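Visitor: In the working numbering, the protein residues as written are 479 to 708.
Okay, structure coming up:
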């Protein structure tokens, strides 16, 4: 037989309660009078015992959920046969191990390693860049388009290391590089956490006091000098 567990009424003026903790999971056995649930109200937090022995088969309200008094929050199966089947070792499903077929894996001969293309190539059209220039450009993340725009001072207009350094010293390049730097996010060690049941009640009562109580301060200044001189 399935027994419904309802939200109990913890007082005359209590109309709802909050699920604080489930001490049992679905499928676990519960003894009679065993504490399996903790609920909270605006007046008191209470541990709820089970009225019957059986198996918890359904949880109808999650943690931190507010439930009205009288509504079903869980269901327990009290059938002795069902309880015995769940608790008996024979009820556990045993799967016969499947025979593993051996599969021969042929290792393919390792293919020669293929060098990945670098970011910049030595040749760009009719221009030739020395390895020193290429390495310096790669270290500063300069693209091939940027290299082609740099006017070389070497023989035949060849770009030298000095030309790269002069280009990097320009103010416009410094501004462009500073704009590409990602912003630094400082970790202040702060975290956002959900308010607990008691904190929520305190906040609600403080808000209610602010909304219902009169918060007025009146000051009046009176010059008593003429009266004192009279």
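By construction, the Cβ of each residue, glycine as well, lies at the ideal position given by its N, Cα and C atoms.
Values in this document were obtained by computation on a predicted structure and should not be read as measured data.
(1) Could you compute how far the alpha carbon of residue 643 sits from the alpha carbon of residue 631?
(2) Report yes if the C-beta distance between residue 485 and residue 532 is below 8 Å; otherwise report no.
(3) Using a Cβ-Cβ cutoff of less than 7 Å, which residues in the same chain neighbour residue 552 once the five nearest sequence positions on both sides are dropped?
(4) How many angstroms separate the CA atom of residue 672 from the CA atom of residue 527?
(5) Taking the alpha helix (DSSP H) that residue 625 belongs to, which residues open and close that run?
(6) Report the residue from 686, 689 and 678 whose alpha carbon sits nearest the alpha carbon of residue 495.
(7) DSSP state of residue 524, grouped into three classes?
(8) Alpha carbons only, please: which of 499, 504 and 520 is nearest the one belonging to residue 513?
(9) Could you give the distance in angstroms between the alpha-carbon of residue 692 and the alpha-carbon of residue 684?
Guide: Short version:
(1) It is roughly 12 Å from the alpha-carbon of residue 643 to the alpha-carbon of residue 631.
(2) For the pair residue 485 and residue 532, the CB atoms are not nearer than the 8 Å cut-off.
(3) These residues qualify, in order along the chain: 483, 534, 536, 537 and 538.
(4) CA-to-CA, the gap between residue 672 and residue 527 works out to about 27 Å.
(5) 622-627 is the extent of the alpha helix (DSSP H) around residue 625.
(6) Selected option, being the one with the closest Cα: 678.
(7) Residue 524 falls in the strand class under three-state DSSP.
(8) Nearest C-alpha to residue 513: 499.
(9) A straight line joining the alpha-carbon of residue 692 with that of residue 684 spans about 13 Å.
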